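> Chains as they are written, first to last, in this note's numbering: chain W, 2 to 257; chain H, 2 to 257. Backbone N, C-alpha and C define an ideal beta-carbon position, used for all residues, glycine too. Nothing here was measured: the structure is a model prediction, and the numbers come from that model.
2 protein chains.
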Amino acid sequence: MTVVRRKTAGRKAAASTAGRPAAKPAKERILDAGEQLFARNGFYGVSVRDITEAAGVDVALVSYHFGGKRELFAAVFRRRAEMLNPERLALLEEVRRSALPGVPALEDIVNAFTYPMLERSARGGAGWKSYFALVAQVNNSPEWGPVLMTEHFDPLVERFIAVLREALPGCDAREVYWGYQFLTGALTLTFAETGRIDKLSGGLCRSSDLDSVHQRLARYVAAGFRALCTAAAPAPHGARSKTRRSALRKIPRRPP
Amino acid sequence: MTVVRRKTAGRKAAASTAGRPAAKPAKERILDAGEQLFARNGFYGVSVRDITEAAGVDVALVSYHFGGKRELFAAVFRRRAEMLNPERLALLEEVRRSALPGVPALEDIVNAFTYPMLERSARGGAGWKSYFALVAQVNNSPEWGPVLMTEHFDPLVERFIAVLREALPGCDAREVYWGYQFLTGALTLTFAETGRIDKLSGGLCRSSDLDSVHQRLARYVAAGFRALCTAAAPAPHGARSKTRRSALRKIPRRPP
DNA sequence: ATCTTGATTCAACGGACGTTGAATATTTTT
DNA sequence: AAAAATATTCAACGTCCGTTGAATCAAGAT
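(1) Whole angstroms are fine: how far does the CA of H:Gly35 sit from the CA of H:Pro22?
(2) Using 8 Å as the threshold, is the C-beta distance between W:Val177 and W:Arg166 below it?
(3) Select from the region 195-215 of chain W all residues with a C-beta closer than 8 Å to any C-beta belonging to chain H, and list them in chain order.
(4) Taking the straight line between their C-alpha atoms, what separation do you get for H:Phe39 and W:Leu190?
(5) Give, in chain order, every unbroken run of the alpha helix (DSSP H) that is at least 4 residues long and sits entirely within the region 189-219 of chain W.
(6) Run the CB neighbour count on W:Tyr116, radius 10 Å, all protein chains shown included, and call it buried at 16 or more, exposed below.
(7) Go ahead and label W:Asp59 buried or exposed: buried means 16 or more other beta carbons lie within 10 angstroms of its beta carbon, across all protein chains shown.
(8) Leaving out the 5 sequence neighbours to the left and right, which residues in its chain are closer than 7 Å to H:Pro253 when beta-carbon positions are compared?
(9) Is there contact here, the region 95-112 of chain H with the region 79-87 of chain H, by at least three beta-carbon pairs under 8 Å?
(10) Thinking just about the alpha-carbon of each residue, which of W:Ser202, W:Tyr132 and W:Thr195 is nearest to the one in W:Asp33?
(11) Mapping DSSP to helix, strand and coil, what is H:Gly126?
(12) State yes or no: is the beta carbon of W:Asn86 nearer than 8 Å to at least one beta carbon in chain H?
(13) Measuring only the C-alpha atoms, how far is W:His66 from W:Lys28?
(14) Compute the Euclidean distance between the alpha carbons of W:Arg79 and W:Val47, then round it to the nearest angstrom.
(15) Tell me the rounded alpha-carbon separation between W:Ala223 and W:Thr231.
(16) May I ask you to list, following chain order, the residues of the region 27-52 of chain H that have a beta carbon less than 9 Å from some beta carbon of chain W?
(17) Quick one: does W:Ser142 have its CB under 8 Å from some CB of chain H?
(18) For H:Arg89, I'd like the list of residues in its chain whose CB is within less than 7 Å of its CB, leaving aside the five on either flank, ordered along the chain.
(19) Could you check where the alpha helix (DSSP H) with W:Glu144 kicks off and where it finishes?
(20) For W:Tyr181, which residues of its own chain have a beta-carbon under 8 Å away from its beta-carbon, when the five flanking residues on both sides are left out?
(21) W:Leu229 to H:Ala228, Cα distance in whole Å?
(22) Helix or strand or just coil, what does DSSP make of W:Asp33?
(23) Which chain H residues sit within Cβ distance under 8 Å of W:Gly103?
(24) Which value, in whole angstroms, describes the spacing of the CA atoms of H:Phe74 and H:Gly68?
(25) Go through its chain and collect everything with a Cβ distance to W:Phe44's Cβ below 6 Å, but skip five positions before and after it.
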C-alpha cells in the first residue's frame with residue numbers, strides 16, 4: 002500500500018548522475034555482465050539472476066531482450082565474433098596479397114590468424130579478455146563447441162586453411178588440418194589464462210603476458226607445420242622409426 | 002501402510018541376475034556415471050540426481066560416499082590421474098635412461114608425455130575417453146584448472162620440463178615453459194573430441210582418430226620447441242623482422 | 001543369537017532456478 | 001497532445017537443486 006518506490010527513483014538518479022556503468026542501454030549491459038560471468042563459470046555455472054544483478058537490471062529483461070538464457074549465451078558469443086572476424090579475414094588477405102606473386106611466409110599467415118585476437122585480449126579491455134576466455138571454454142566443450150565455433154568461426158578457418166595450403170605446396174591436406182587443430186588448441190588454452198604457467202615457471206612466465214605468446218606462437222606453429230609436411234608422404238608405416246618406436250611400450254588393456 | 006516394497010526386491014533381482022552394470026559397487030558406479038556426465042556438461046551442467054539415476058543408485062549416496070557434489074567431482078578427477086601419471090613418469094625416465102649418456106630426442110620426450118594418454122583415450126575404454134574430455138574442460142576452466150590440474154599434474158609436468166631442458170641445452174627456460182603450454186593446449190583440445198576437425202576437413206580427418214594425433218603431435222611440438230630455442234636469444238626486439246613486422250597493423254583501441 | 005557397523009532407502013527441507021504475465025514507465029510516432 | 005510502441009518492474013509460478021536425518025537392510029563380529 003504505502004510502499005515507496007525507492008528502487009525506480011534511485012536507479013534513475015544513479016543512472017543519470019552517479020555511476021558510469023549505467024550509461025549503456027540495458028541490453029548491452031546484460032551482454033557485458035553475461036560475458037564476464039559465463040567466461041568465469043560457464044553456461045550452467047551462472048544464473049540469470051547473477052547476470053542481471055551484475056548488470057543492475059531486472060531479471061525479466063533477459064527473457065524480454067534475448068528470449069532466454071541460452072539465446073543470451075549465443076548472443077554473447079556472436080557479438081564480438083562479428084567485430085573480430087572480418088578484420089582477421091582482411092588481414093589474412095592483406096598478408097596474401099602483399100606476398101604476391103609468391104606465397105606468404107607461414108609465420109605471417111599464422112599471425113594474421115592469431116594477432117587480432119592476442120592484441121585485443123591484451124589491450125582491448127576487460128570485455129575482450131573475458132570473451133576470449135569464454136571462447137577457450139566453448140572450444141573445448143563437447144556441448145557448445147560444435148555448435149558455436151562452427152557457426153561463427155568456420156568460414157574464416159576454411160579460408161585460413163586454404164591460404165596455408167597455398168603456402169605448403171605438395172603437403173597432404175590432412176597434415177594441414179591437424180596442424181590447424183594443434184594451433185587452435187594452443188591458442189585457446191592461452192586465452193583461458195588459468196595462471197598455471199605462472200605457477201609452473203615460478204613466476205618466470207605469466208599467463209596474461211600475451212605479447213610473449215605473440216612473439217612465440219607463430220614461430221612455434223610454423224615450424225610444426227613444416228615438420229608435418231616434410232615428413233614421409235602418406236606412407237603410414239615404416240621409416241623414421243626413431244620418433245615412433247624407440248622407447249614406447251604397449252599399455253595393457255583394462256581387465257574386463 | 003500397505004505399500005509393497007517393489008523397488009528393493011526389483012533392484013536386487015536385477016542386480017544379481019539380469020543386468021551387467023550392477024556388478025560394481027555403488028561408489029564406483031557413481032564415479033563412472035559422474036565421469037561420463039561431467040565430461041559432457043561440466044560440473045554445473047550435471048545434477049546429483051542425473052548422476053545417481055545414471056548409476057542406478059539413490060541420490061543420497063553421493064553425500065554419503067563422497068561428502069558432496071564438489072568432492073565427487075574432485076574424486077572423479079583424481080581417480081584416473083593416480084592410475085595414469087606414475088606410468089607416464091616411468092616412461093619418461095625410461096626414455097631418458099635409454100638415451101644415456103646422451104639426451105633423448107625431443108620427439109621421444111613429448112611422446113612419453115602424450116602417448117599414455119592418447120593410447121588410453123583410443124583403446125582404454127569409454128571411461129578413459131570421458132575422463133580425458135573432462136581434463137580438456139578442466140584445463141581450460143579458470144575455476145577448476147588452477148586447482149585440479151595443479152594438484153594432480155604439476156609434479157609430473159615439472160619433471161617433464163626438466164628433461165626437456167636437458168634436451169635443449171642453452172635454451173632459455175621461458176621458451177620451454179611456453180612450448181609446454183602450447184603442447185598441453187594442443188593435446189587437451191584433441192581430447193575434447195568436439196568433432197570440429199571432422200566438419201572442417203569434410204571427413205578427411207576424424208577427432209576420434211587419436212592414432213593420427215599420435216603420429217603427428219610429437220613431431221609438430223618438437224619442431225616448435227626447436228624453433229623457439231634457435232630463435233634469437235633473449236633479445237626482445239630486432240632481427241627476424243620478417244616474422245613479426247611484415248603485414249601487421251595496429252588495432253585501434255576501443256572508444257572509451 | 002545378538003550386537004555392531006557400514007550401506008542403502010525414503011521423504012522431506014529450504015532455497016535457487018528460468019520463465020511468465022500483468023502492470024507500469026518511458027520513448028517514439030502520429 | 002494523444003496514441004502507439006517499446007522498455008522496465010514486480011510478483012509469482014512450478015520445477016529442480018544439493019543435502020539431511022531417520023529408518024531399513026546386509027553382513028561380519030562377538
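Inspection of the coordinates gives the following:
(1) By one-based count along the second sequence, residue 22 of chain H stands at place 21. By one-based count along the second sequence, residue 35 of chain H stands at place 34. For H:Pro22, the pLDDT reaches just 43, beneath the cut-off of 50, and the residue's location in the model is therefore unreliable, although a value from the coordinates is still provided. Computed Cα separation, rounded: 15 Å.
(2) Walking along the first sequence from the start, residue 177 of chain W turns up at place 176. Walking along the first sequence from the start, residue 166 of chain W turns up at place 165. Yes.
(3) Those would be Thr195, Gly196, Arg197, Ile198, Lys200, Leu201, Ser202, Leu205, Cys206, Ser213 and Val214, in chain order.
(4) Position 38 of the second sequence holds residue 39 of chain H. Position 189 of the first sequence holds residue 190 of chain W. So the two alpha carbons sit approximately 20 Å from each other.
(5) 197-201
(6) Counting from 1 along the first sequence, the entry for residue 116 of chain W is found at position 115. With 16 or more Cβ atoms within 10 Å of its Cβ, W:Tyr116 is classed as buried.
(7) Working through the first sequence from its first residue, we reach residue 59 of chain W at position 58. W:Asp59 should be labelled exposed.
(8) Along the second sequence, one-based indexing puts residue 253 of chain H at 252. Any reading at H:Pro253 must be qualified, since the residue scores a pLDDT of 44, below 50, and its modelled position is unreliable; no value is offered.
(9) Segments in contact, no.
(10) Within the first sequence, residue 33 of chain W is the residue found at index 32, counting from 1. The candidate whose alpha carbon is nearest that of W:Asp33 is W:Tyr132.
(11) Here residue 126 of chain H is taken as the residue at index 125 of the second sequence, counted from 1. Looking at H:Gly126 - three-state DSSP - the assignment turns out to be coil, as it is neither helix nor strand.
(12) Counting from 1 along the first sequence, the entry for residue 86 of chain W is found at position 85. At a cut-off of 8 Å, the C-beta of W:Asn86 has no neighbouring C-beta in chain H.
(13) Along the first sequence, read from residue 1 onward, the residue named residue 66 of chain W stands at position 65. Along the first sequence, read from residue 1 onward, the residue named residue 28 of chain W stands at position 27. Straight-line Cα distance between these residues: approximately 7 Å.
(14) Indexing the first sequence from 1 puts residue 79 of chain W at position 78. Indexing the first sequence from 1 puts residue 47 of chain W at position 46. Taking the straight line joining both Cα atoms gives about 18 Å.
(15) Position 222 of the first sequence, counted from the start, is the residue given in the question as residue 223 of chain W. Position 230 of the first sequence, counted from the start, is the residue given in the question as residue 231 of chain W. Note on geometry: alpha-carbon atoms of W:Ala223 and W:Thr231 lie some 12 Å from one another.
(16) In summary, the residues of the region 27-52 of chain H whose CB is separated from some CB of chain W by less than 9 Å are Ala40, Arg41, Asn42, Gly43, Phe44, Tyr45, Gly46 and Val47, in the order they occur in the chain.
(17) Here residue 142 of chain W refers to the residue found at position 141 when the first sequence is read from its first residue. Chain H contact via Cβ: present.
(18) The residue you call residue 89 of chain H lines up with position 88 of the second sequence. The answer, listed in chain order, is Ala113, Phe114, Pro117 and Leu157.
(19) Residue mapping note: residue 144 of chain W aligns to position 143 of the first sequence, counting from 1. Taken as a continuous stretch (DSSP letters only), W:Glu144 belongs to no alpha helix (DSSP H), as it is neither H nor E.
(20) Reading the first sequence from its first residue, position 180 is the one you call residue 181 of chain W. So the qualifying residues of the chain are Val158, Phe161, Ile162 and Leu165.
(21) On the first sequence, position 228 is the one that residue 229 of chain W refers to. On the second sequence, position 227 is the one that residue 228 of chain H refers to. Those two C-alpha atoms are separated by around 14 Å.
(22) For the purposes of this step, residue 33 of chain W is taken as the residue at position 32 of the first sequence. In the structure shown, W:Asp33 sits in a helix (DSSP, three-state: H, G or I).
(23) For this step, residue 103 of chain W is matched to residue 102 along the first sequence. Result: empty, since nearest Cβ-Cβ is about 12 Å, beyond 8 Å.
(24) As a position in the second sequence, residue 74 of chain H is number 73, starting the count at 1. As a position in the second sequence, residue 68 of chain H is number 67, starting the count at 1. So the two alpha carbons sit approximately 11 Å from each other.
(25) Here residue 44 of chain W corresponds to residue number 43 of the first sequence, with the count starting at 1. Taken in chain order, the residues that qualify are Phe74.
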